[in-house]
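Residue numbers (the numbering used here): 533 to 1133.
C-beta: ideal position from N, C-alpha, C; glycine also.
The structure under discussion appears below in the form of structure tokens.
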Amino acid sequence: MTDPLQWNRGPGDGTVSIRVTSVRVLALAVTALVLIGALDALEGVGLAPPLVREVVGVVFLTFVPGTLLLLQFGYDGSLTSTVCYAFGLSISAVMAVGGVVSVLSPLVGFDSPLSLNAILVTWLLVSGVATWTARKQSFAITVDSGWLTRPIVPLLLFLVPLSILGSVFYHTSGNNIVLIGLLLGIAAIPILAAALGNESWYYPLAIWCLSLALLYHGRVPGVYTVTQPLPELTLAQLRWIPNAGSFGSLLANGVLFPTYAIVTDLPIGVEWNLVNPLLVSLLPVTLYEVFRRFVRPTEALVAVCLFVFSYPFYVLYPGAGRAATPVVFIALVGLAYSDSDLPPVARRALMLVFGAGIVVSHYGTAYVVLFSLLVGFVSFVGLSVLVRADIPSMLPDRYSAARSDGGESAGLLAGIPAVLSPAYLAFYSVFTLGWYIYTANSEKFVILPRKIIAAIEGVLYVEATGSTATSYTQNYAATTITVGKYFYVLLGLLMTIGIGAAALRLVVFHDESVELGYLAVAIGFFSMFVGSILPSGSGFAVARVMMIIFTFAVPFAVVGARELGAIPARIVGRLSGDASVLPDRSVSLTLLSVGVALFLC
């Protein structure tokens, strides 16, 4: 090899390939850690350059540990999936390592395992061990060199500084014209993609940029605060305390965010409001990678926009915390479960890691996911039984030709998906219950049986009204909130139609228009709406549960729109007798995209 950095232009294909090896990642890790230590020393004498430590610290914690761990599996997938896995494994490793040293170090008389010097030494050791175990592994990152010359790339990248500058301009002048223009530009993306898009290579970049623009919308330099008590406690003690009151079980708040603050030397309020949005921005990108495996890329883009344009994303999620962090891990579980490029061992390992990430990030989300997976397992078994009943053989011959565009799938009933397997359900259930028994003085575990008993009593005696029903029946003074309420109802109806249509095609026509396993998981998550509507569902935080449901179910809103759009098309085709006059499915997708755009604006 003549090029030690492995920057190789592919022969005639216009690509640049970067070979990633454990030794090169270790060199990057050592450089970053030593540089952070040196900058800390320079800051002591007032000579450190601005922003260097912050940038190096964020990049290291967000991607480097995960890349070393990804090398263990010999993974060699797409650029977007690689970035998502590296990100997910990095934040998992930061939490795990910080949690372990916080528990073990006091046993040997060291009470500050999350001090800067301790973190730097710990990660030097961890990086060295990870490099040795993955010394024979490598993967390539391939980038199309022509992307940088396409005008859409700088236009998308400009959304982020435009959001920041527009926020500054609004706060200094009181004029919001720049922010309005920004929202109009973001809203136009799904419309243009649905109506004109024949290329999908830029979709991940578009999703990342519009997510960042919305997350930083209105955030300008100022006095920042953090509302969660655990990060402050960790910074004061320089270690995570798992039984610190009723909130000690949240490992992300207790380890992840304080570690970022310590390494970057940022106040926790600044870290919470400026660094965490960067972490959250990779959530929609991960969801896109999942969705595109089950629906068309443009449909996946519109589905992600439905998620991102929902108000909890840009209101509740920028600080990450217990609202967004577990949802990030839900998306990562979906990514690992649906990735056919992963070796089976790697798939199971990543699902265990990311499933644990859900549990340690928020108790409520962990319980919702637990029940969703259990309902998904029952749904998979039920659908499988109905398919094996061979209903098409009982139908008149005229229905035998009824197939979707995809036809009958060769993978029908190929096997239960890993995320719904009894082994995974057992792991997730035991880990969830065990974690909340042994952390936070068991207070978050006690909540679970209380909620179950209250739900049963509420159904039997109708003692209360579910929070979703309460939110729907409530009268709001603002017209925009009222309109938004009805749009969410429309989304729910579209998802119901999409799930019902996919199940009908599967059972009646043996047409796996959406993979059976994914359909079952989506049914499991969508069923949580029932829990928030039923009496005694008042404990559900509607906005949080809605976004959890969306992580698997929101693509079915696009499927539902597609199915509804097909009805008049079939009528026109039957009346005219000419199938060529049938409108393309892009018509219904474009109409849905217009609704999504209006929803944001």
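Local Cβ density within 10 Å of residue i, reported as buried at 16 or more and exposed below that
| i | result |
| --- | --- |
| Lys976 | buried |
| His894 | buried |
| Ser813 | buried |
| Pro582 | exposed |
| Gly777 | exposed |
| His703 | exposed |
| Asn775 | exposed |
| Pro954 | exposed |
| Tyr1018 | exposed |
| Gly578 | exposed |
| Met926 | exposed |
| Glu1047 | buried |
| Gly576 | exposed |
| Asp871 | buried |
| Gly598 | buried |
| Ala561 | buried |
| Thr520 | Nothing in the structure corresponds to residue 520, since the chain is present only between 533 and 1133. |
| Arg667 | exposed |
| Val885 | buried |
| Pro949 | buried |
| Ser1135 | Nothing can be reported for residue 1135: it is not among the residues displayed for the chain, which extend from 533 to 1133. |
| Thr663 | buried |
| Ala1054 | buried |
| Arg824 | buried |
Close beta carbons around residue i, own chain, < 7 Å, minus the five adjacent residues each side
| i | result |
| --- | --- |
| Leu918 | Val1039 |
| Ser941 | For Ser941, the predicted model reports a pLDDT of 45, less than 50, meaning its position is unreliable; a value from the coordinates is still stated below. Only Glu1044 meet the Cβ criterion. |
| Leu980 | Tyr899 |
| Pro686 | none |
Identified DSSP bridge partners for residue i
| i | result |
| --- | --- |
| Ala672 | Arg551 |
Cα-Cα separation between residue i and residue j, rounded to whole angstroms
| i | j | result |
| --- | --- | --- |
| Ile709 | Leu1036 | 48 Å |
| Leu747 | Thr857 | 14 Å |
| Phe642 | Ile1031 | 54 Å |
| Gly717 | Val1090 | 22 Å |
| Gly943 | Ser610 | Its pLDDT being 47, under 50, Gly943 is placed unreliably in this model, and the value from its coordinates should be taken loosely. Using only the alpha carbons, I get a separation of about 23 Å. |
| Arg935 | Gly754 | With a pLDDT of only 45 at Arg935, under the threshold of 50, the placement of this residue in the model should not be trusted; the figure read from the coordinates follows. For Arg935 and Gly754, the distance between alpha carbons rounds to 58 Å. |
| Leu601 | Thr1014 | 47 Å |
| Ser842 | Leu957 | 30 Å |
| Gly1097 | Gly908 | 28 Å |
| Glu1095 | Ala863 | 26 Å |
| Tyr617 | Phe861 | 11 Å |
| Val516 | Val615 | In this structure the chain extends from 533 to 1133, so residue 516 is not present and cannot be described. |
| Leu811 | Thr594 | 8 Å |
| Leu902 | Ala580 | 48 Å |
| Pro536 | Thr553 | Interpretation of Pro536 is limited by its pLDDT of 37, a score under 50 that renders its predicted location unreliable; the figure taken from the coordinates is listed afterwards. When rounded, the distance between both Cα atoms is 11 Å. |
| Trp539 | Leu571 | In this predicted model, Trp539 has a pLDDT of only 37, less than 50, meaning its place in the structure is not dependable enough to derive any value. |
| Arg771 | Val978 | 26 Å |
| Leu838 | Val640 | 51 Å |
| Ser644 | Leu688 | 43 Å |
| Tyr792 | Pro924 | 57 Å |
Residue from the options with nearest C-alpha to residue i
| i | options | result |
| --- | --- | --- |
| Leu1130 | Arg982, Ala719, Arg854 | Ala719 |
| Ser677 | Phe963, Val548, Ser842 | Val548 |
| Gly630 | Gly966, Gly1056, Arg556, Pro763 | Pro763 |
| Val859 | Gln669, Thr830, Leu806, Ile890 | Ile890 |
| Ile696 | Ala580, Leu714, Tyr792 | Leu714 |
| Val626 | Val596, Val951, Val577, Leu639 | Val596 |
| Phe1088 | Thr1028, Phe1061, Ser1125 | Thr1028 |
| Pro829 | Ser732, Pro875, Gly620 | Ser732 |
| Gly660 | Leu648, Asn730, Thr563, Phe619 | Thr563 |
| Leu565 | Val552, Leu884, Glu586, Val577 | Glu586 |
| Val1146 | Val615, Ser637, Phe671 | Any property of residue 1146 remains undetermined from this structure, which presents the chain solely from 533 to 1133. |
| Tyr846 | Phe823, Pro809, Ser1125 | Pro809 |
| Thr665 | Leu603, Val591, Val1077, Thr674 | Leu603 |
| Thr971 | Asn649, Pro686, Gly780, Ile712 | Gly780 |
| Phe963 | Ile673, Val892, Arg879, Ala559 | Val892 |
| Asp608 | Leu1025, Ala921, Gly914, Ala878 | Ala878 |
| Gly947 | Pro924, Ser916, Ala573 | Ser916 |
| Gly968 | Gly896, Met883, Leu728, Met1079 | The displayed chain sequence assigns Tyr, not Gly, to residue 968. It is Gly896 whose Cα lies nearest to the Cα of Tyr968. |
Minimum Cβ-Cβ distance from residue i to chain C less than 8 Å
| i | result |
| --- | --- |
| Ala650 | As a matter of chain content, chain C is missing from the structure shown, which is built from one protein chain. |
Beta-carbon proximity list for residue i, same chain, < 6 Å, skipping 5 on both sides
| i | result |
| --- | --- |
| Trp804 | Val758, Gly851 |
| Gly887 | Val865, Tyr960 |
| Asn973 | Asn775 |
| Leu952 | Gly908, Phe909, Phe912 |
Same chain, Cβ closer than 8 Å to residue i, five either side skipped, listed in chain order
| i | result |
| --- | --- |
| Trp740 | Ser813, Leu814, Pro816, Val817 |
| Val692 | Cys741, Leu744, Ala745, Tyr748 |
| Val834 | Pro722, Ala725, Ala726, Val1090, Leu1121, Leu1124, Ser1125, Val1128 |
| Ile773 | Ser634, Leu765, Thr766, Gly780, Gly786 |
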